[in-house]
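Below: the structure, in structure tokens.
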Amino acid sequence: MTAPEQLPSDAIRLDTAFGTFEVAPADVVSFPAGLPGFEECRQFVVLSSRELDPFKCLQSVEGPSASFLAVDPRRVFPDYRCVLSDVDRARLGDPDEDALVWLAVVTVQAEQTVVNLRAPIVVNPARMLGYQLMPSNSLYPLRFELTQLY
């Protein structure tokens, strides 16, 4: 997210469940395949604020209902690692893997809060491309209960 004084005149205003944000068009991440269950939404921004930290909000710019609470999976498992296949690398525009942004979707329920570590969302900030990985051989759980963050 760009600082308010640096926003261009064509800034995008987003009213979200986490507050109102203004973002620059350059901050929009394209998800060419959409996200599972939200394939029609292909443009998202990663929002952060002091109030949300360490969480982020992955917010569609095409509709306020497509919004996901997320966290860097390394905050849950410091040694978290996902191996990108050749297909994944191609989808992300052949990224520098050290520069990738990793997000794991968090689901808040009445009784517990869980994070999906099996199918992370990965963003290549150099190309502003994103994709949700669906590795068939992941050892990480689909629903890991969050009790605290490191």
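In terms of the numbering used here, the sequence shown is residues 87 to 236. Each residue gets a CB set at the ideal place from its N, CA and C atoms; glycine is no exception.
If contacts are defined as beta-carbon pairs under 8 Å, then Arg-167 and Asn-202 qualify, I think. What distance do you get, rounded to the angstrom? With 8 Å as the limit, Arg-167 and Asn-202 do not qualify as a contact, their Cβ atoms being about 16 Å apart.
Ala-110 versus Leu-178, Asp-96 and Asp-101, residue with shortest Cα-Cα distance: Asp-96
Give every residue of the same chain whose Cβ lies closer than 7 Å to the Cβ of Glu-183, excluding the five residues on either side of it in the sequence, and list them in chain order. Leu-170
Hey, Leu-144 and Val-132: beta-carbon distance below 7 Å or not? Yes; because the gap between Cβ atoms is below 7 Å, this pair is in contact.
So Phe-124 and Val-192 are supposed to be a Cβ contact under 8 Å. How far apart are they, rounded? Not confirmed; about 16 Å, so no contact.
Could you check what DSSP says for Glu-183 in three-state terms: helix, strand or coil? helix
Have a look at Ala-190, Val-200 and Ala-196 and flag the residue whose alpha-carbon is nearest the alpha-carbon of Met-220. Ala-190
In chain order, what residues of the same chain have a beta carbon less than 8 Å from the beta carbon of Arg-204, not counting five sequence neighbours either side? Hits under 8 Å: Pro-221, Ser-224, Tyr-226, Pro-227 and Leu-228.
Terminal residues of the beta strand (DSSP E) in which Ala-156 lies: Here the beta strand (DSSP E) through Ala-156 covers 153-157.
Have a look at Cys-127 and Gly-179 and give me their C-alpha separation to the nearest angstrom. The alpha-carbon atoms of Cys-127 and Gly-179 are separated by roughly 20 Å.
Where do the N-terminal and C-terminal ends of the beta strand (DSSP E) with Arg-99 fall, by residue? Counting along the chain, the beta strand (DSSP E) containing Arg-99 begins and ends at 98-102.
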